[in-house]
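Q: Quick one: the structure is below, and I'll ask about it shortly.
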Amino acid sequence: MKFKQLWAQRRPHLWFQLYWVIYLIWFFWLDLTIQTPKYIIHSPLDDMIPFNEWFVFPYCSWFLLLAGVTALLWWCDTASYDKLCLMMFSGMTFCLVIYMLLPNGLDIRPTAEAVGRSNIAMSIMQLLWSADASVNVCPSIHCQSSACMALAFSQSRLAKHRPALQAAAWVWAALICASTVFTKQHSILDVVCGLAVAFVWVPVLYRRKKA
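Residue numbers for the sequence shown follow this note's numbering, beginning at 436 and rising by one.
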């Protein structure tokens, strides 16, 4: 099939990406307006997880995973791309509504002085902390969207009969989820709730057909 025909078939699906305009405006509006969260998210497990600034790299790799999976599925498997957009964008919307109704935040981030280390990872962490306040954390959109991307990719034609690719997608998503707690960007409770928002779609979109 010629490129022009492929482009014509796939171009209408790009309209889904307009959601990002709504999401970013909504997210940053909440980030600016919710200065004092009503609910502080915390679990005893959070105190047992050490801070490790080097996890900032898998944390930031979320952007690569998002761009790569979205682009690949859009071009190579539009059915899986549509499922990804449905799962991820509806979940993000649900999370934003929760942030509005139940303003929540964290109180577990260490200071640079308390960490007492100076390296490139710590410098990136400080930039991240200055740009991203400890509010609007539960459920974790970082974890929710990572799980959606791993699920959509592993169930797509691209990864069918390719267990190594499926495993790579899940390992990458798992590293991102782990990075959210090791960088103290999220509580373990945020992670669990974020994954729950993602996996609720499994029986709806990926239920196996009866023989």
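Note that beta-carbon positions come from the ideal geometry of N, C-alpha and C, so glycine has one too. Quantities reported herein were computed from a predicted structural model and do not represent experimental measurements.
If we require 4 or more residues per run, which alpha helix (DSSP H) segments fall completely within the stretch 460-506?
A: You should have 479-483, 491-495.
Q: When you compare only the Cα positions, how much space is there between W464 and M560?
A: So the alpha carbons of these two residues sit roughly 23 Å apart.
Q: If I follow the unbroken alpha helix (DSSP H) through Y516, where does it start and stop?
A: Residues 513-536.
Q: From W489 to M584, what distance separates their C-alpha atoms?
A: In a straight line, the C-alpha of W489 is about 23 Å away from that of M584.
Q: Fully enclosed by the stretch 550-614, which alpha helix (DSSP H) runs are 4 residues long or longer?
A: Qualifying alpha helix (DSSP H) stretches, in chain order: 555-566, 576-589.
Q: Since G540 sits in a beta bridge, which residues does DSSP pair it with?
A: I475, V570, per the DSSP bridge assignment.
Q: So the alpha helix (DSSP H) V637 belongs to, where does it begin and stop?
A: Taken as a continuous stretch (DSSP letters only), the alpha helix (DSSP H) holding V637 covers 637-640.
Q: Give me the Cα-Cα distance between S580 and R544, rounded to the nearest whole angstrom.
A: Distance between the alpha carbons of S580 and R544: 23 Å.
Q: For Q601, which residues from the same chain have a beta carbon less than 7 Å from its beta carbon, with the 5 sequence-adjacent residues on both sides left out?
A: So the qualifying residues of the chain are S589, A594.
Q: Would you give the residue range spanned by the alpha helix (DSSP H) that L624 belongs to?
A: Per DSSP, L624 belongs to the alpha helix (DSSP H) from 623-634.
Q: Taking DSSP as the reference, what is the three-state secondary structure of P447?
A: It is helical.
Q: Taking 8 Å as the threshold (C-beta atoms), are I576 and M527 in contact?
A: Contact: yes.
Q: Nearest to L536 by alpha carbon, out of C573, R597, C495?
A: Nearest of C573, R597, C495 to L536, Cα basis: C573.
Q: Would you kindly work out how many angstroms separate the C-alpha atoms of V616 and L449, rounded to a whole number?
A: Distance between the alpha carbons of V616 and L449: 33 Å.
Q: When you compare each of R552, N571, A506 to I533 by their alpha carbons, which one comes out closest?
A: If we check each option's Cα against that of I533, N571 comes out closest.
Q: Identify, in the order they occur along the chain, each residue of the same chain with its Cβ nearer than 8 Å to the Cβ of R552, setting aside the five sequence neighbours on each side.
A: E488, listed in sequence order.
Q: Does the beta-carbon of P447 have 16 or more other beta-carbons within 10 angstroms, so that it is buried, or is it exposed?
A: Under this definition P447 is an exposed residue.
Q: Comparing alpha-carbon positions, which option in M557, G629, L453 lies nearest F529?
A: Residue G629 is the option with its Cα nearest to F529.
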